[in-house]
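S.K.: After the structure tokens below, expect a handful of questions from me.
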DNA sequence: CTTAATATGTAATATTATAACATTTCATTT
DNA sequence: AAATGAAATGTTATAATATTACATATTAAG
């Protein structure tokens, strides 16, 4: 699936399964443990392409584990983000699943402010350009956040 | 002053005064009121180039108004951001003064994770590129956040 | 099967931000 | 100058987001 198809109807079940499968593979390769909790939280995040907040996630998770606490979610998010399986959207304090975790990627996140769907678009040239600019002034870049808000084609 | 001089020593008093002067001008032009509180909070923000949090700001403001409340700060920040005089750094939940509020600008914010100094660099071509990309997939962009973390020349 | 590291449980609390409503200040019209 | 309406501020409370600290449990490796 190409990323720019996400805003259109697609077989989401397949999409979700693929994300989980890739996650399994990545965690094996990295030698880290995608435990039941972590995998389930990833599944909840990837159950749609909408950015989801930690406490929304907690509410969902509590359906199956009524006494779950915020820290359960945040710990799982920490793990998933570190593993590159989830991204935080800073401008929303919310999270999305990464659909291209298997390959290194430099992306912009497009966020529809209407439907909250968010997806990544490759922006390697933009990264390149910004890194070059910053090096010119001797700024040593480590991480880059690019978030574009607007309206997706379905909501415009 | 050019923006890329900010990471170097400069006459900060002049820098601060200029920011306040520009703020006065802009608010007159826009027909909005830069009240005592708002101007003072802008002054506190611009007193350095370090990103500052709302509650840090509150602590500073309380030196002169012991019973100030969070909402005082957030209301002022709201006003200042709307007027284009202050930017929020989403990845830090912190704020910086804008030094080019008088002209329309499309910038990336460079954030030194060591000293917390943050400043804007023109990134119009990057905006252009991202807008073009997004239009290709019929995404209607409204606002763009670009934040580059790293180490400034002084801290590297 | 022990042990050491990793993960999870549990409670408390820190940090960031907003809502709701009362009062005051300010600019404008009279 | 007084009346008025809009904008700003005061005040209280609370919502939303995130982390710390320490106890217990699980797991992989020797």
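Protein chains in written order, with the working numbering: chain H, 19 to 174; chain X, 19 to 174. Note that the Cβ used here is the ideal one computed from N, Cα and C, for glycine as well.
List, in chain order, every chain X residue whose beta-carbon is nearer than 9 Å to that of residue 163 of chain H.
M.R.: Those are 108, 109, 163, 164, 165, 166, 167, listed as they occur along chain X.
S.K.: Is residue 176 of chain X near residue 91 of chain X, with beta carbons less than 7 Å apart?
M.R.: Here chain X comprises residues numbered 19 to 174, so residue 176 of chain X is not present and cannot be evaluated.
S.K.: Over what stretch of residues does the alpha helix (DSSP H) that includes residue 175 of chain H continue unbroken?
M.R.: Past the edges of chain H, shown from 19 to 174, lies residue 175 of chain H, and the structure says nothing about it.
S.K.: Give the secondary structure of residue 116 of chain X by DSSP, where H, G and I count as helix, E and B as strand, and everything else as coil.
M.R.: Coil.
S.K.: Of the residues H:164, H:155, H:131, H:167, which one's Cα is nearest the Cα of residue 171 of chain X?
M.R.: Considering only alpha carbons, the answer is H:155.
S.K.: From residue 163 of chain H to residue 124 of chain H, what distance separates their C-alpha atoms?
M.R.: In a straight line, the C-alpha of residue 163 of chain H is about 10 Å away from that of residue 124 of chain H.
S.K.: Between residue 100 of chain X and chain H, is the shortest Cβ-Cβ distance under 7 Å, so that the two count as touching?
M.R.: No - not a single Cβ of chain H is within 7 Å of the one on residue 100 of chain X.
S.K.: Do residue 97 of chain X and residue 63 of chain X have their CB atoms nearer than 7 Å?
M.R.: Against a cut-off of 7 Å, the Cβ pair of residue 63 of chain X and residue 97 of chain X comes out as no contact.
S.K.: How close, in whole Å, do the beta carbons of residue 144 of chain X and residue 144 of chain H come, if the pair is a contact with beta carbons under 8 Å?
M.R.: With 8 Å as the limit, residue 144 of chain X and residue 144 of chain H qualify as a contact, their Cβ atoms being about 5 Å apart.
S.K.: List, in chain order, every chain H residue whose beta-carbon is nearer than 7 Å to that of residue 79 of chain X.
M.R.: Per Cβ cutoff of 7 Å: no residues; residue 79 of chain X is ~25 Å from chain H at best.
S.K.: Could you work out which residue in H:105, H:43, H:39, H:151 is closest to residue 138 of chain H when comparing CA atoms only?
M.R.: With distances taken between Cα atoms, residue 138 of chain H lies closest to H:105.
S.K.: Return helix, strand or coil for residue 81 of chain X, following the three-state DSSP convention.
M.R.: Residue state, collapsed to three classes: coil.
S.K.: For residue 70 of chain H, collect the residues of the same chain with a Cβ closer than 7 Å to its Cβ; drop the 5 residues on either side in sequence, then sort them by chain order.
M.R.: So the qualifying residues of the chain are 63, 112, 113.
S.K.: Do residue 95 of chain X and residue 116 of chain X have their CB atoms nearer than 7 Å?
M.R.: No, they are not a contact pair.
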